[in-house]
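Following: one structure in C-alpha cells, then a few remarks.
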Amino acid sequence: MSPTRRTLVRNTLVRTLAAGTAAGLLAISLAACGGNGNTAAGGSDCTPAHKDLKTITEGELTVASYDYAPATILEGDNVSGMEGELINEIAKLECLKVTVSTSGGAGAVIPSVQTKRVDIGSGNWLRTKERTKIVYLSTPLWSDPQAIVSTTGLTSDDLQGKVIGSVAGNLWNDSMQRWLGDKFKIYQDDESIYGDLKAGRIDALVASAASAKYRFKEAPIEGATVVDVKPNANVPQFASVGQVMLPSSLDNEALGKALDEDIEKLRENGTIKKILEKYGVDASVGEPGAPSLL
C-alpha cells in the first residue's frame, strides 16, 4: 500500500467491525526498551516513566491504526507518520514494544479500544463530546484545521449549489447532508474522492488540511487549492479547529493519564515540533492550547 493511500469506512460498519477478530497484528519493534521495568531488548536496563502502567500484553503497547498520511503511514510491518513517530517516542519513555493492529481499517479503531483488544488508537482521531462517553481522550497532540479542497479556490462560503464530497465517518457529514441534500456525496476512501475531484465529477471536497497538502506532494492535482474552513451556520463543526488525540480505554485511566504526561513532556522537549516539521506541517499546530471538544 502506498504511503498516500488512506481508507475510511462508514460509521454504520463500526459495530460490525468491533466484533471482528484481532487478525492483522503486525509486531513492530518501535521502542528501544522491551517491557515494564524489564531489561530492554537491546540488553540495557530501561526505567519506565510510569512504573505501574498496565497494558493488555505485558511489555507491549498495542495500537489500532490504518493508513492515513501524514498522521499514520503503513509500510509493510512498519508504521510511521506524525502519530506513528510520536507513539514510538511514548513507547521509549515507557519501555514498551509497539504492536499494531490493522484489522478492520479505520472503522475498527475506536471499537477495538472500547473492547480492550488494543491499548490505544491512532489515525487522526479528534476530541469530541460523543467520544468522551466511550473512550479516554488524551491531551491534544496538535490541532488539525479542516479545509475545502477544490480546483477553483472555493471556500466554505461557496458550497451552496456545488457538488461536494466527503469521506465516510467525517464529523461534519450529517450537517452537510442536511444543508446540501443530493449535492453532497459520501465516499468510502480517499482514492475515489480525489479521483472524482481530478475528473471534475465534484466541485470540492472537505478534508484535513494537513492530509490534503501531504497528498498533493506525491499526487498533485493541477490547480488544486486547500483553503481552511471558516465558521458556517450550516455546519457547526466548522466553528472550531479540531484537536487530535490518542484514544484509550475508560477502564485504564492510569494509561490515559500516562499518555497525557508523556505527550506534554514530548511537547516541552521539542519532539512534537520536530515531528511536525519533518512531515511539512506548520509547527504552530503543535501548540493547540487547552483541551477542547467538538
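Numbering that gives the first Met the number 0 numbers the first residue of the sequence shown as 0 and each following residue consecutively. Note that CB positions come from ideal geometry on N, CA and C, so glycine has one too.
Counting beta carbon pairs with one atom in the region 253 to 273 and one in the region 155 to 173, are three or more of them shorter than 8 Å?
No, because fewer than three Cβ pairs between the region 155 to 173 and the region 253 to 273 fall closer than 8 Å, the two stretches do not touch.
Rank W178, D195, G83 and A206 by C-alpha distance to the C-alpha of A232 and give the top, closest one.
What you label residue 232 is simply residue 233 of the sequence shown in a count that begins at 1. Per the Cα distances, W178.
Please classify A211 as buried or exposed, where buried requires at least 16 neighbouring CB atoms within 10 angstroms.
By 1-based counting over the sequence shown, the position of residue 211 is 212. Its Cβ being crowded by 16 or more others within 10 Å, A211 is buried.
Helix, strand or coil, according to DSSP, for N87 in the structure here?
For the purposes of this step, residue 87 is identified with residue 88 of the sequence shown, where counting begins at 1. Residue state, collapsed to three classes: helix.
Does P139 come out as helix, strand or coil in the three-state DSSP assignment?
Taking the sequence shown and counting its residues from 1, one reaches residue 139 at position 140. If DSSP states are grouped into helix, strand and coil, P139 belongs with coil.
Determine the contact status of S102 and Q145, defining contact as a CB-CB distance below 8 Å.
For the purposes of this step, residue 102 is identified with residue 103 of the sequence shown, where counting begins at 1. For the purposes of this step, residue 145 is identified with residue 146 of the sequence shown, where counting begins at 1. No, Cβ-Cβ distance for S102 and Q145 is not below 8 Å.
In three-state DSSP terms, what is A105?
Translated into the one-based positions of the sequence shown, residue 105 becomes position 106. Here A105 sits in helix by DSSP.
Between the region 118 to 134 and the region 48 to 61, do at least 3 Cβ pairs fall closer than 8 Å?
These segments touch.
Could you tell me which of R214, A209 and G104 sits nearest to V243, measuring between CA atoms?
Indexing the sequence shown from 1 puts residue 243 at position 244. V243 has its Cα closest to that of A209, out of R214, A209 and G104.
Output the boundary residues of the alpha helix (DSSP H) element that contains L60.
For the purposes of this step, residue 60 is taken as the residue at position 61 of the sequence shown. Taken as a continuous stretch (DSSP letters only), L60 belongs to no alpha helix (DSSP H), being part of the beta strand (DSSP E) at E59 to A63.
Are the region 86 to 93 and the region 46 to 60 touching by the rule of at least three beta carbon pairs closer than 8 Å?
Taking 8 Å as the limit for Cβ pairs, the verdict is that the region 46 to 60 does touch the region 86 to 93.
Is the Cβ of G222 closer than 8 Å to any Cβ of chain D?
Given the protein chain composition of this structure (a single chain), no chain D is represented.
Confirm, please, whether the CB-CB distance from P139 to P235 is below 8 Å.
Start at 1 with the first residue of the sequence shown, and residue 235 comes out as number 236. Start at 1 with the first residue of the sequence shown, and residue 139 comes out as number 140. Their beta carbons are not under 8 Å apart, which means P235 does not touch P139 by this criterion.
Grouping DSSP H, G and I as helix and E and B as strand, with all else coil, what is V243?
Within the sequence shown, residue 243 is the residue found at index 244, counting from 1. Strand at V243.
Please list, in chain order, all residues of the same chain as V280 whose beta carbon is under 6 Å from its beta carbon, the five residues on each side excluded.
In the sequence shown, the residue the question calls residue 280 occupies position 281. Only A209 meet the Cβ criterion.
Since F183 sits in a beta bridge, which residues does DSSP pair it with?
The residue labelled residue 183 in the question sits at position 184 within the sequence shown. DSSP lists I163 as partners of F183.
Keeping to the same chain, check which residues put their C-beta closer than 6 Å to that of G222; ignore five residues upstream and five downstream.
Position 223 of the sequence shown, counting from 1, holds the residue named residue 222. Within the same chain, G222 has close Cβ partners T150.
Would you mind giving the Cβ-Cβ distance between L125 and L293, rounded to the nearest angstrom? I have them listed as a contact below 8 Å.
On the sequence shown, residue 125 is found 126 positions in, with the first residue counted as 1. On the sequence shown, residue 293 is found 294 positions in, with the first residue counted as 1. L125 to L293, Cβ: 6 Å. Contact.
With H, G and I counted as helix, E and B as strand and the rest as coil, what does DSSP make of V280?
Here residue 280 refers to the residue found at position 281 when the sequence shown is read from its first residue. Residue state, collapsed to three classes: coil.
Quick check on DSSP: helix, strand or coil for L120?
Here residue 120 refers to the residue found at position 121 when the sequence shown is read from its first residue. The sequence given here has Gly at residue 120, not Leu. The answer is strand: DSSP assigns G120 an E or B state.
Residues in the same chain with beta-carbon distance under 7 Å from A238, minus the five sequence neighbours each way, listed in chain order, please.
One-based indexing of the sequence shown puts residue 238 at position 239. Answer for A238: P230, listed in chain order.
Apart from the five residues on each side of it in sequence, which residues of its chain come closer than 7 Å, Cβ to Cβ, to D195?
If you number the sequence shown from 1, residue 195 lands on position 196. Excluding residues within five positions, the ones whose Cβ falls inside 7 Å are G164 and I201.
Cβ of T54 within 8 Å of Cβ of L258?
Sequence index remark: in the sequence shown, residue 54 carries index 55 (1-based). Sequence index remark: in the sequence shown, residue 258 carries index 259 (1-based). Against a cut-off of 8 Å, the Cβ pair of L258 and T54 comes out as no contact.
Between G152 and V205, which are expected to be in contact by the criterion C-beta below 8 Å, what is the C-beta distance as a whole number of angstroms?
Numbered from 1 along the sequence shown, position 153 holds the residue referred to as residue 152. Numbered from 1 along the sequence shown, position 206 holds the residue referred to as residue 205. 15 Å between Cβ atoms; not a contact.
Return the CA-CA distance between F215 and Y193, expressed in angstroms with no decimal places.
Here residue 215 refers to the residue found at position 216 when the sequence shown is read from its first residue. Here residue 193 refers to the residue found at position 194 when the sequence shown is read from its first residue. Approximately 10 Å, taken between the alpha carbons.
Determine whether the beta carbon atoms of Y213 and P69 lie at a separation below 8 Å.
For the purposes of this step, residue 213 is identified with residue 214 of the sequence shown, where counting begins at 1. For the purposes of this step, residue 69 is identified with residue 70 of the sequence shown, where counting begins at 1. Their beta carbons are under 8 Å apart, which means Y213 touches P69 by this criterion.
Within this structure, are the beta carbons of Q113 and V99 separated by less than 8 Å?
Taking the sequence shown and counting its residues from 1, the one referred to as residue 113 is at position 114. Taking the sequence shown and counting its residues from 1, the one referred to as residue 99 is at position 100. No.
By DSSP, does A68 sit in helix, in strand, or in coil?
Counting from 1 along the sequence shown, the entry for residue 68 is found at position 69. Of the three classes helix, strand and coil, the one that applies to A68 here is coil, per DSSP.
What does the alpha-carbon distance come out to for the pair E276 and A282?
In the sequence shown, counting from the first residue as 1, residue 276 sits at position 277. In the sequence shown, counting from the first residue as 1, residue 282 sits at position 283. So the two alpha carbons sit approximately 6 Å from each other.
Within the same chain, show all residues whose beta-carbon is closer than 8 Å to that of L170, passing over the 5 residues directly before and after it, in chain order.
For the purposes of this step, residue 170 is taken as the residue at position 171 of the sequence shown. Closer than 8 Å at the Cβ level, and outside the excluded window around L170, lie L125, T127, Q236, G241 and L293.
Buried or exposed for E217, please, with buried defined as at least 16 other CB atoms from any protein chain shown within 10 angstroms of its CB.
For the purposes of this step, residue 217 is identified with residue 218 of the sequence shown, where counting begins at 1. Result: exposed.
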